[in-house]
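In this note's numbering, the protein residues as written are 19 to 506.
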Ligand SMILES: [Fe+2]
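Structure, rendered in structure tokens:
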């Protein structure tokens with residue numbers, strides 16, 4: 019496989035240039051006006067100082083569901099401060115892989131930091147100096163490529179027998195799925211070192227992996243076989259340099275949502291190079307998987323977002339997908355910075371919406387008004403028609419979730435369970451138990467602020483409102499994570 023070297027340099031130059039920048043103030047004007055983060059919430063953004071050896075979890079409620087066995091791997095930042103310095107954003111802490119094992123013997127938990135170049139540089143310096151999404155470069159830091167800046171902290175995926183820890187602006191990092199030991203960055207092909215690879219790949223039912231890598235208006239469409247071997251890396255020009263954290267796909271198309279939060283200059287941290295331009299509206303670029311040069315562009319009202327659900331195509335050609343949309347990017351731009359500094363900045367909550375892209379070229383945005391994040395669904399239905407969206411549920415009073423819900427697009431009904439204001443809910447995944455779309459378990463974690471412990475929960479997908487059928491406690495609190503995968 020060959021790849022235009024000039025394009026590759028273009029994709030990497032932004033981060034290389036960042037190595038020469040000098041630290042700027044971590045605090046935005048909004049942070050100064052913000053309320054203090056409640057003491058117990060700080061547990062979600064605390065520093066973990068070391069790895070966690072495999073430890074049995076305690077069943078605190080219910081009974082382990084018959085037949086639910088496997089490993090839930092989750093990733094998320096867990097170390098934000100060194101010496102007198104701090105990461106400038108929630109998204110920039112060091113990646114910690116958590117492994118929750120469920121089986122006949124009960125549940126156990128282990129966790130291990132990803133041994134990244136960034137972490138090594140910062141351990142040696144005794145300071146947080148590597149630039150990131152919202153963290154400026156510290157004095158003296160010199161990076162030679164995107165991977166040097168990777169905290170490998172956003173998600174985790176299986177690629178054949180390998181497990182990869184994912185970020186979004188650099189290569190996947192190989193992790194041993196048993197010991198959680200770091201094995202080094204995975205270069206996907208010759209000449210493709212240090213290339214961006216999003217933390218939200220779309221995986222078809224047969225295991226084919228589609229993903230994007232992005233820098234400004236340049237993108238690469240990655241296609242990998244089920245075993246992680248590269249099948250194609252195709253450069254694509256985007257209509258605008260939107261911030262892209264996630265995209266989606268139907269069986270036949272890639273669906274790339276271009277929010278009007280756009281890169282307007284070459285600067286680090288990334289968030290400081292982005293400008294909110296709502297007058298531009300949101301665009302959706304649809305590419306045919308079979309021929310990526312075949313493209314359509316749809317127009318939608320302006321919204322910001324981090325996460326989309328799986329898309330599908332109806333018989334009449336209409337493409338539909340769910341999204342958790344925000345009125346503006348205030349949370350990503352300043353709210354998630356303030357959390358690390360110990361503040362809460364008021365920002366609009368994300369709400370669940372359905373987007374339709376009609377055959378006549380018209381785009382349609384239908385909000386539900388339900389405050390929700392981390393949309394997920396049955397992985398067997400990726401790219402296919404489906405009825406339900408699994409989501410975390412947010413409530414007034416804070417930017418973090420405290421419930422889990424299942425929205426039924428056929429009836430418009432949201433079934434949900436509220437853990438209460440002493441718990442913070444993380445992402446929940448669907449684990450199939452039978453052929454039906456609601457025939458399975460929701461498996462996910464919360465941070466119990468009252469008990470100061472991380473908890474693992476299993477719900478019946480068809481009866482979320484009744485609460486978890488089983489809850490295990492870790493006996494320790496891990497900082498909040500982002501995304502994961504369940505391996506049966
Ligand atoms: Fe994400």
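Where is the CB? At the ideal position from N, CA and C, for every residue including glycine. A quick note: this is a predicted structure, and the numbers were derived from the prediction, not measured.
Handout entry: Residue ranges of each beta strand (DSSP E) within the stretch 228 to 315, 3 or longer
Key = With a minimum length of 3 residues, the continuous beta strand (DSSP E) runs that stay inside the stretch 228 to 315 are 236 to 242, 248 to 255, 271 to 276, 279 to 281, 292 to 294, 300 to 306.
Practice task
Confirm the yes/no value for this check: CB of residue 172, any heavy atom of ligand 1, distance under 7 Å.
Solution key: Here residue 172 refers to the residue found at position 154 when the chain shown is read from its first residue. Yes.
Handout entry: Where the beta strand (DSSP E) containing residue 147 begins and where it ends
Key = Counted from its first residue, the chain shown places residue 147 at position 129. Note, residue 147: premise wrong, no beta strand (DSSP E); not H, not E.
Handout entry: Cβ-heavy atom distance, residue 500 to ligand 1, below 7 Å
Key = As a first step, residue 500 is located in the chain shown; it is residue number 482 there, counting from the start. Yes; taking the cut-off as 7 Å, the Cβ of residue 500 has a heavy atom of ligand 1 nearer than that.
Practice task
Give a yes or no on whether the C-beta atoms belonging to residue 125 and residue 176 are separated by under 8 Å.
Solution key: Mapped onto the chain shown, residue 125 falls at position 107. Mapped onto the chain shown, residue 176 falls at position 158. No.
Handout entry: Cβ neighbours of residue 140 in the same chain (closer than 7 Å, five flanking residues each side left out)
Key = Numbered from its first residue, the chain shown carries residue 140 at position 122. These residues qualify, in order along the chain: 100, 146, 147, 148.
Problem - Beta-carbon contacts of residue 386 that lie in its chain and below 8 Å, excluding the five residues immediately before and after - result: Here residue 386 refers to the residue found at position 368 when the chain shown is read from its first residue. Only 369, 370, 371, 372, 425, 430, 432 meet the Cβ criterion.
Handout entry: Distance between residue 188 and residue 168 (C-alpha atoms, nearest Å)
Key = Here residue 168 refers to the residue found at position 150 of the chain shown. Here residue 188 refers to the residue found at position 170 of the chain shown. Computed Cα separation, rounded: 6 Å.
Practice task
Using the Cα positions of residue 266 and residue 330, report the straight-line distance between them to the nearest angstrom.
Solution key: Walking along the chain shown from the start, residue 266 turns up at place 248. Walking along the chain shown from the start, residue 330 turns up at place 312. Straight across, the Cα-Cα distance linking residue 266 with residue 330 is about 9 Å.
Practice task
Answer yes or no: do residue 487 and residue 500 have a C-beta to C-beta separation smaller than 8 Å?
Solution key: Position 469 of the chain shown, counted from the first residue, corresponds to residue 487. Position 482 of the chain shown, counted from the first residue, corresponds to residue 500. Contact flag unset, no.
Handout entry: Residue(s) in a DSSP beta bridge with residue 424
Key = For this step, residue 424 is matched to residue 406 along the chain shown. Answer is 408, 433.
Handout entry: Same chain, Cβ closer than 6 Å to residue 412, five either side skipped, listed in chain order
Key = Taking the first residue of the chain shown as 1, we reach residue 412 at position 394. Closer than 6 Å at Cβ, skipping near neighbours: 367, 389, 419.
Practice task
Flag this pair as yes or no: are the beta carbons of residue 498 and residue 225 separated by less than 8 Å?
Solution key: Working through the chain shown from its first residue, we reach residue 498 at position 480. Working through the chain shown from its first residue, we reach residue 225 at position 207. The answer is no: Cβ separation not under 8 Å.
Practice task
Measure the beta-carbon distance from residue 340 to residue 407 and round it to whole angstroms, keeping in mind my assumption that it falls under 8 Å.
Solution key: Within the chain shown, the letter at position 322 stands for residue 340. Within the chain shown, the letter at position 389 stands for residue 407. Sure, about 5 Å apart at Cβ, within 8 Å.
Practice task
Output the distance between the C-alpha atoms of residue 505 and residue 110, rounded to the nearest integer angstrom.
Solution key: Here residue 505 corresponds to residue number 487 of the chain shown, with the count starting at 1. Here residue 110 corresponds to residue number 92 of the chain shown, with the count starting at 1. Residue 505 and residue 110: Cα-Cα distance of roughly 26 Å.
Handout entry: Spatial distance of residue 123 from residue 470 (CA atoms)
Key = As a working note, residue 123 is residue 105 in the chain shown. As a working note, residue 470 is residue 452 in the chain shown. The alpha-carbon atoms of residue 123 and residue 470 are separated by roughly 24 Å.
Exercise for the section: Go ahead and pull the three-state DSSP assignment for residue 225. Expected result: Position 207 of the chain shown, counted from the start, is the residue given in the question as residue 225. Here residue 225 sits in coil by DSSP.
Exercise for the section: Whole angstroms is fine: what's the gap from residue 394's alpha carbon to residue 286's? Expected result: Locating residue 394 in the chain shown gives position 376, counting from the first residue. Locating residue 286 in the chain shown gives position 268, counting from the first residue. Their backbone Cα atoms lie some 31 Å apart in a straight line.
Handout entry: DSSP-derived helix/strand/coil call for residue 135
Key = Within the chain shown, residue 135 is the residue found at index 117, counting from 1. In the structure shown, residue 135 sits in a helix (DSSP, three-state: H, G or I).
Practice task
State yes or no: is the C-beta of residue 307 within less than 8 Å of the C-beta of residue 271?
Solution key: The residue given as residue 307 occupies position 289 in the chain shown. The residue given as residue 271 occupies position 253 in the chain shown. Cβ distance < 8 Å, so residue 307 and residue 271 count as in contact.
Problem - Inter-residue Cα distance where the pair is residue 342 and residue 84 - result: Position 324 of the chain shown, counted from the first residue, corresponds to residue 342. Position 66 of the chain shown, counted from the first residue, corresponds to residue 84. So the alpha carbons of these two residues sit roughly 33 Å apart.
Problem - Opening and closing residue of the alpha helix (DSSP H) in which residue 355 lies - result: Here the question's residue 355 lines up with position 337 in the chain shown. DSSP places residue 355 in the uninterrupted alpha helix (DSSP H) bounded by 354 to 359.
Practice task
Output the boundary residues of the beta strand (DSSP E) element that contains residue 384.
Solution key: By 1-based counting over the chain shown, the position of residue 384 is 366. Element bounds for residue 384: 381 to 394.
Problem - Spatially closest choice to residue 191 from 165, 208, 179, 209, by CA coordinates - result: Here the question's residue 191 lines up with position 173 in the chain shown. Here the closest residue by C-alpha is 165.
Practice task
Could you check what DSSP says for residue 490 in three-state terms: helix, strand or coil?
Solution key: Counting from one through the chain shown, the residue named residue 490 turns up at place 472. Three-state result, residue 490: strand.
Handout entry: Strand pairing of residue 318, partner residues [DSSP]
Key = In the chain shown, residue 318 corresponds to position 300, counting from 1. Answer is 300, bridged to residue 318.
Practice task
Could you have a look at residue 207 and say whether DSSP puts it in helix, strand or coil?
Solution key: To locate residue 207, count along the chain shown from 1; it is residue 189. In this structure, residue 207 counts as coil in the three-state DSSP scheme.
Exercise for the section: Could you tell me the boundaries of the beta strand (DSSP E) in which residue 59 lies? Expected result: Locating residue 59 in the chain shown gives position 41, counting from the first residue. Premise fails: residue 59 is in no beta strand (DSSP E) and is neither H nor E.
Problem - Buried/exposed call for residue 403, threshold 16 Cβ in 10 Å - result: Counting from one through the chain shown, the residue named residue 403 turns up at place 385. It counts as exposed.
Practice task
Taking the CB atoms as reference points, tell me whether residue 302 and residue 274 lie closer together than 8 Å.
Solution key: Residue 302 sits at position 284 when you count from the first residue of the chain shown. Residue 274 sits at position 256 when you count from the first residue of the chain shown. Yes.
Practice task
Taking 8 Å as the cut-off, decide whether the C-beta atoms of residue 480 and residue 399 are in contact.
Solution key: For the purposes of this step, residue 480 is identified with residue 462 of the chain shown, where counting begins at 1. For the purposes of this step, residue 399 is identified with residue 381 of the chain shown, where counting begins at 1. Using a Cβ distance threshold of 8 Å, residue 480 and residue 399 do not count as a contacting pair.
Practice task
With DSSP as the reference, label residue 399 as helix, strand or coil.
Solution key: Walking along the chain shown from the start, residue 399 turns up at place 381. Residue state, collapsed to three classes: helix.
Practice task
Consider the C-beta atom of residue 324 and the heavy atoms of ligand 1; say whether any pair is separated by less than 7 Å.
Solution key: Against the chain shown, residue 324 aligns to sequence position 306. It does: the Cβ of residue 324 is within 7 Å (strictly closer) of some heavy atom of ligand 1.
Exercise for the section: Taking residue 173 as part of the beta strand (DSSP E), name the residues at either end of that continuous run. Expected result: Stepping through the chain shown from its first residue, residue 173 is reached at position 155. Run containing residue 173: 173 to 177, per the beta strand (DSSP E) assignment.
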